[in-house]
Amino acid sequence: MNNSVKVKFQTLLAEKKPFLGTFIQSAAPEFVEAAGYAGFRFAAVDLEHTYYGVEKTAEMIRAGEAADMAMLARVPALDAIWIKKSLDLGASGIIVPNIDTAEQAAQAVRLCRFTPEGVRGACPGVRANRYGAGGPEYYDQSNRDVAVMALVESPEGVKNFDAIVRTPGLTAVFLGPVDLSVAMGLKGNIAAPEVQEALLDMIRRANAAGVPVGALGLDPGFARRLFAQGLTFLAYGIDTILMYQTCRNIMKSVFDGKESRMTNEVLKTLKERRSIRGYQPQQIAQEELDAILEAGTYAPSGMGKQPVTLVAVQDPETIAQLSRMNAQIMGTASDPFYGAPTVILVLADPERPTCVEDGALAMGNLMNAAASLGVGSCWIHRAREEFESPEGKALLKKWGLPENLRGVGHCVLGYAAAPAPAAAPRRAGDVVLV
Ligand SMILES: Cc1cc2nc3c(=O)[nH]c(=O)nc-3n(C[C@H](O)[C@H](O)[C@H](O)COP(=O)(O)O)c2cc1C
């Protein structure tokens, strides 16, 4: 051996069996070794998206060699200096990002090879040459051994793929699905059919040209699919993402998927409150009702005008009357309150332009406060029609309230007759981050 490279990436390719590695972005040689001990065959030190430079790269390469891995450097750009320094440190291959044309691929090859094949600057005292121990054969051997990879990650690169892949001296092509998806307007969705189709097409074309082809992958299904289509090697994830995913999976398995970082009781109640549609006849405790009503009065309101009036009804006769009125509006004969022993009417001053929104927020506070106390609740609608009717207005008059109050909703309360059903799955795409 005339150079310091213990495991050559080219040797892995020569095995002609699919293999895995990863990208390393942490400045942590320990992660390189850990990946190697887990069976990953290579690691690519990422110099494009990290803050560290060649000093750390040297440590990473030594760590990789300790764990029998082939070490690559993903340089920040098609740049003679980064490529030269990385190779001098003993990287067994270079991944050059953003290769869009065959000319760029040819330049990558030239920068990685000594004359006559290229223009790589020579120095006998570098680590790759074992500080001079390698002898004159070092130059030819390096030219044979160093793997040069073109990272194709743009629609232009896809367009010029056939020419790129046939660049003389290029060892392999590496597909960058994340950048490609972003360039296609798909924001990192590497599972999108357009991205998948582009990847599979490039794999087919690389296979047809007899050139090894690798890719970045972020999940096992994706990796298996690409390997099945002829991918040669895959960089599975990035150490930072792997750490995140591992921690997240641990959280899920330890807490059965219910816990997240947001573990406070309010958030738990907001998520776990459900509409209850069957009640025990037993009345709720007075202190529970008081606390629920108080929470209702603390809801936000437009300009802080507090236009909401809460009427707590526990008198069975009045509840029966409201139930009958509501059922009539709905056109049914059944009890719309599901036998709840308490009904809180939420009414609002129609002079306030935000009266309905204010009432709805009060309803939310009531229902969530109830849930936090273990009291069941449900929003029952049609309060507006109820209090637009002469019978409703007569009730308002009887209670000493303005007859023009607008009905927003009924919050029925009681102890649930049966456990609440699970929440429906949340609608896909109901949160958009801009
Ligand atoms: C404006 C509004 C009106 C509603 N009206 C009724 C109703 O009249 N009867 C009823 O059983 N549930 C009613 N609900 C409850 C919803 O059906 C319930 O919130 C929805 O099915 C989701 O279930 P969850 O509350 O358990 O998450 C109403 C909810 C809202 C927000």
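If you're matching positions, the sequence shown starts at 1 in the numbering used here and goes up one per residue.
No residue lacks a Cβ here, since even glycine has one placed at the ideal position from N, Cα and C.
Q: Please list, following the chain, all residues that have a C-beta closer than 5 Å to any non-hydrogen atom of ligand 1.
A: R274, S275, W379, I380 and H381
Burial state of F303 (16 or more Cβ within 10 Å):
Checking the sequence, you will find Met at residue 303 rather than Phe. It is exposed - the Cβ of M303 has fewer than 16 other Cβ atoms within 10 Å.
Point to revise | Residue range of the unbroken alpha helix (DSSP H) whose run includes A67 | key: Run containing A67: none; DSSP gives neither H nor E here.
* Start-end ranges of the beta strand (DSSP E) lying completely within the stretch 67-96, minimum 3 residues -> 70-74 and 93-96
task: Taking F40 as part of the beta strand (DSSP E), name the residues at either end of that continuous run.
output: Neither: F40 is in no beta strand (DSSP E) and is coded neither H nor E.
Quiz item: In terms of DSSP beta bridges, what is I24 paired with?
Solution: V45
*Any idea which residues DSSP pairs I344 with across the strands?*
A312 and C411
| field | Coil, strand or helix - M330 by DSSP | value | Residue state, collapsed to three classes: helix.
- request: Write down every uninterrupted run of the beta strand (DSSP E) in the stretch 107-170 whose length is 3 residues or greater and which is fully enclosed by it, in chain order.
  value: 147-152, all fully within the stretch 107-170.
Review point. When the cut-off is 7 Å and only beta carbons count, does I238 lie next to chain B?
Key: The structure shown has no chain B; it contains just one protein chain.
_Looking at K8: is its Cβ nearer than 7 Å to the Cβ of S92?_
yes
**Request:** Determine the DSSP secondary structure at S372, reduced to helix, strand or coil.
**Result:** helix
Where the beta strand (DSSP E) through A235 begins and ends:
F233 to I238
I believe L395 touches L405 by the beta-carbon criterion, under 8 Å. Please report the beta-carbon distance rounded to the nearest angstrom.
Not quite, the Cβ-Cβ distance comes to about 10 Å (not below 8 Å), so this is no contact.
Enumerate in chain order the residues of its own chain whose CB-to-CB distance from A340 is below 7 Å, with the five nearest sequence positions on each side excluded. Hits under 7 Å: Y279, V412, L413 and G414.
* Enclosing beta strand (DSSP E) for A172 [first to last residue] -> Element bounds for A172: A172 to L175.
For a quick check, are the C-beta atoms of L111 and P76 less than 7 Å apart?
no
Q) Candidates G221, N98, F161 and V45: which alpha carbon is nearest R204's? A) F161
Where do the N-terminal and C-terminal ends of the alpha helix (DSSP H) with L200 fall, by residue?
P193 to A209
### Query
Quick one, are the C-beta atoms of A58 and L87 less than 7 Å apart?
No, these two residues do not count as a Cβ contact at 7 Å.
Is R426 helix, strand or coil when you go by DSSP? coil
contact_flag[the stretch 170-189, the stretch 246-257] where n(CB pairs < 8 Å) is 3 or more: no
Have a look at V375 and L180 and give me their C-alpha separation to the nearest angstrom.
52 Å
| In chain order, which continuous runs of the alpha helix (DSSP H) of length 4 or greater are located wholly inside the stretch 240-308? | 265-272 and 286-297
Strand pairing of V213, partner residues [DSSP]
V173
Exercise. Would you mind working out which of D100, T167 and V54 sits nearest G157, comparing C-alpha positions?
Key: D100
(request) For L270, collect the residues of the same chain with a Cβ closer than 7 Å to its Cβ; drop the 5 residues on either side in sequence, then sort them by chain order. (result) Around L270, the same chain offers N368 as residues with beta carbons nearer than 7 Å, after the five sequence neighbours per side are excluded.
For a quick check, are the C-beta atoms of V96 and A108 less than 7 Å apart?
Yes; because the gap between Cβ atoms is below 7 Å, this pair is in contact.
**Message:** So, at 8 Å on beta carbons, what are the nonlocal neighbours of Y139 in its own chain, with the 5 sequence-adjacent residues on each side left out?
**Reply:** Taken in chain order, the residues that qualify are F114 and A122.
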